[in-house]
Amino acid sequence: MNSVIKGASYILVHTPDMVFYNGTTQTTEKVVNPDSEYLKEVPKNLRSYEEAVSYYPNQTYIGNVTPWELENVEFPWYDKKMESASRFGKFGEIMPEEEFLLLVQASDCFEVVELDKNFVAAHKEKFASNPIIDEDIVARVHEGFEIEKIQALVNDEGAEGLYFGHDLVGCVKKAHDIDQNLSAHVMHENLMSKASSVLALLYAVRNAGIEKADVEYVIDCAEEACGDMNQRGGGNFAKAAAEIAGLSSASGSDARGFCAAPTHAVIEAAALVASGAYKTVVVTSGGCTAKLGMNGKDHIKKGLPILEDCLGGFAVVITENDNVSPEIDLSMLGRHTVGTGSAPQAVIGSLVAEPLKRAGMKITDVDYYSPEMQNPDITVPAGAGDVPLANYKMIGALAVKSGDMEKAELKEFPVKHGLKGWAPTQGHIPSGVPFIGFACEGILNGDFKNTMIIGKGSLFLGRMTNLFDGVSFLIHGNTAADSNDSGVSEEEVKGLIAKAMKDFASTLMAE
12 MNSVIKGASY
22 ILVHTPDMVF
32 YNGTTQTTEK
42 VVNPDSEYLK
52 EVPKNLRSYE
62 EAVSYYPNQT
72 YIGNVTPWEL
82 ENVEFPWYDK
92 KMESASRFGK
102 FGEIMPEEEF
112 LLLVQASDCF
122 EVVELDKNFV
132 AAHKEKFASN
142 PIIDEDIVAR
152 VHEGFEIEKI
162 QALVNDEGAE
172 GLYFGHDLVG
182 CVKKAHDIDQ
192 NLSAHVMHEN
202 LMSKASSVLA
212 LLYAVRNAGI
222 EKADVEYVID
232 CAEEACGDMN
242 QRGGGNFAKA
252 AAEIAGLSSA
262 SGSDARGFCA
272 APTHAVIEAA
282 ALVASGAYKT
292 VVVTSGGCTA
302 KLGMNGKDHI
312 KKGLPILEDC
322 LGGFAVVITE
332 NDNVSPEIDL
342 SMLGRHTVGT
352 GSAPQAVIGS
362 LVAEPLKRAG
372 MKITDVDYYS
382 PEMQNPDITV
392 PAGAGDVPLA
402 NYKMIGALAV
412 KSGDMEKAEL
422 KEFPVKHGLK
432 GWAPTQGHIP
442 SGVPFIGFAC
452 EGILNGDFKN
462 TMIIGKGSLF
472 LGRMTNLFDG
482 VSFLIHGNTA
492 ADSNDSGVSE
502 EEVKGLIAKA
512 MKDFASTLMA
522 E
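Residue numbers for the sequence shown follow this note's numbering, beginning at 12 and rising by one.
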């Protein structure tokens, strides 16, 4: 019987200071052109927290605006403000930077994070008032240290500064004297991913209506690598985040596959549950500081604020079939194999057309496709175009070629089967999974029947292979009732199997 999706969470963390101090575009510029005009312009073009909260795609990500409502907002969106926008949404929240730094410190298990005691005192009460943050996490927040000590660690010991409003308020120290994998920079990167994953896990448990003790396994699918000089990417982010989130019954491991990793991880989780290995598995991921302000140069050049100012995170709870929740159909998986090739048509064919053909379905039988859901507000000014729309055009063209629809219908395909992108360009975060929450809600409400989640990844970035990557799966309504209507229950099937085995054993003994 198929596994089901019990709930999902989506969180954002507004981190404008990390755009300037930790985003790769900006840190690289400081090395190659430290006096550049771009670096002078960055602080002037960073959005306030209120502006980030009132931004329509961000409100869509946390569930306050549906993808269909977003479509009705005039594009571009960066200059539009959503009135009465809320920090909290049905799927998660947009956490401000100052509170997130306290969560980062609470997520630190090796005393590498130090915060200014005045900063902690100013924001701890607000942090503790967040209903998703429990007492155990609050208790992990230290009182803090004198700012002079922190300043010395940054100036003399190579610590990575933590900033709020461009003021130094803390630091991340290196965890080893010579190991570059435990440098202050890498520790900072990994702790930000871990802490944002913790936030996503907390919301996922709440949204799924389960107890923390119910979670037996966690799979992290972020783009960071956790380890030391002897095992650079050894992990384990999953178990590390589960510890802080209070998932005391959980084990876990990491899955890595660039942007395709979330879809790989959901399939793996669904298979683990369907096999009976675990009853409840959570797929989770935190954000990526390196990609903050990634397209900042193009945004500023074209008069936009820097829109890549939020870390993203998500989590999906997958459980045994409860006869109600939407199912992940493991019989309909799309796979980009080693032999598929990297031509766009071959990629879409392997991920979309082939699994549907095996199931006797047409491309037009899928109500909605969720491929790379990048926000076009970010990608269009950067010259990358509207990424979701490009995917829908390819899928539509394949439908025409396969004879599933007429060429005259091609123009309407993105409208009928597509969605506007709303996810931040955090690499793995937009890759298919942002729609899972809305999809499950729509299927449960009877608004539509199914959706296909498509994850794609660029493996060549690691310089180990030139191969592309991708996987897909279909989510549809629960079919347990249909199975029960067959006239033979699951218990009856088990009884029949047991009787057959007994009869077979008797026959062998008689012989």
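By construction, the Cβ of each residue, glycine as well, lies at the ideal position given by its N, Cα and C atoms.
Selected residue, minimal CA-CA separation from residue i, among the options
i      : options                           : result
Phe248 : Asp178, Lys205, Tyr380 and Val293 : Lys205
Cys182 : Asp190, Glu159, Asp188 and Gln191 : Glu159
Thr476 : His487, Gly350 and Asp415         : Gly350
Ile406 : Glu420, Ala395, Gly394 and Gly396 : Glu420
Ser353 : Val293, Arg243, Ser469 and Ser264 : Ser469
Gly220 : Ala288, Leu81, Phe446 and Phe102  : Phe102
Ile143 : Arg98, Leu430 and Gly396          : Arg98
Tyr380 : His310, Ile486 and Lys312         : Ile486
Phe446 : Gly155, Thr71, His134 and Tyr89   : Thr71
Lys223 : Asp147, Ile105, Leu455 and Gly257 : Gly257
Leu315 : Ile22, Lys55, Glu40 and Asn44     : Lys55
Gly473 : Ala491, Asn456 and Glu234         : Glu234
Ala364 : Asn386, Ala408 and Ser262         : Ala408
Phe479 : Ile359, Ile255, Phe424 and Val284 : Ile359
Met416 : Thr375, Glu452 and Gln437         : Thr375
Same chain only: Cβ atoms within 8 Å of residue i, ignoring 5 sequence neighbours per side
i      : result
Glu383 : Cys270, Val398, Pro399, Asn402, Gly432, Pro441, Ser442, Gly443, Ile465 and Lys467
Val30  : Gln37, Val53, Leu57, Leu303, Gly304, Gly307, Ile317, Glu319 and Asp320
Met198 : Val123, Glu171, Val183, Lys184, Lys185 and Ala186
Leu344 : Ile278, Pro366, Val482, Ser483 and Phe484
Close beta carbons around residue i, own chain, < 7 Å, minus the five adjacent residues each side
i      : result
Ala281 : Ser14, Ile329, Ile339 and Leu341
Glu279 : Ile230 and Ala266
Pro87  : Asp388
Ile161 : Glu125, Asp127, Leu179, Gly181 and Cys182
Ser20  : Phe102, Gly103, Ala211, Tyr214, Ala215, Asn218, Phe325 and Ala326
Beta-carbon spacing of residue i, residue j below 9 Å
i      : j      : result
Ala5   : Val123 : Here the chain comprises residues numbered 12 to 522, so residue 5 is not present and cannot be evaluated.
Pro68  : Ala434 : yes
Thr295 : Glu200 : no
Val391 : Val327 : no
Met240 : His187 : yes
Gly169 : Ser194 : yes
Asp28  : Gly176 : yes
Ser65  : Ala96  : yes
Lys460 : Ala410 : no
Val152 : Val131 : yes
Ser5   : Ala252 : Lying before the first or after the last residue shown, residue 5 is absent from the chain, which here runs from 12 to 522.
Ser336 : Leu455 : yes
Tyr49  : Tyr174 : no
Val24  : Gly298 : yes
Integer-rounded CB distance, given that residue j should sit under 8 Å from residue i
i      : j      : result
Val229 : Val216 : Contact flag wrong, Cβ pair sits at about 11 Å.
Val377 : His428 : 7 Å
Phe121 : Thr26  : Contact doesn't hold; Cβ gap of about 22 Å is too wide.
Counterpart residues of residue i in DSSP-defined beta bridges
i      : result
Ala326 : Ser20 and Thr295
His321 : Note that residue 321 corresponds to Cys in the displayed sequence, not to His. Cys321 pairs with His25.
Val482 : Arg346 and Gly466
Cys182 : Glu125 and Gly172
His487 : Glu338 and Asn461
Leu472 : According to DSSP, Leu472 bridges with nothing at all.
Gly263 : Val229
Leu57  : Ile317
Ile105 : Leu23
Glu383 : Ser442
Phe8   : This structure leaves residue 8 out entirely; the chain is present only between 12 and 522.
6 Å CB neighbourhood of residue i in its chain, flanking five on each side removed
i     : result
Met12 : Asn332
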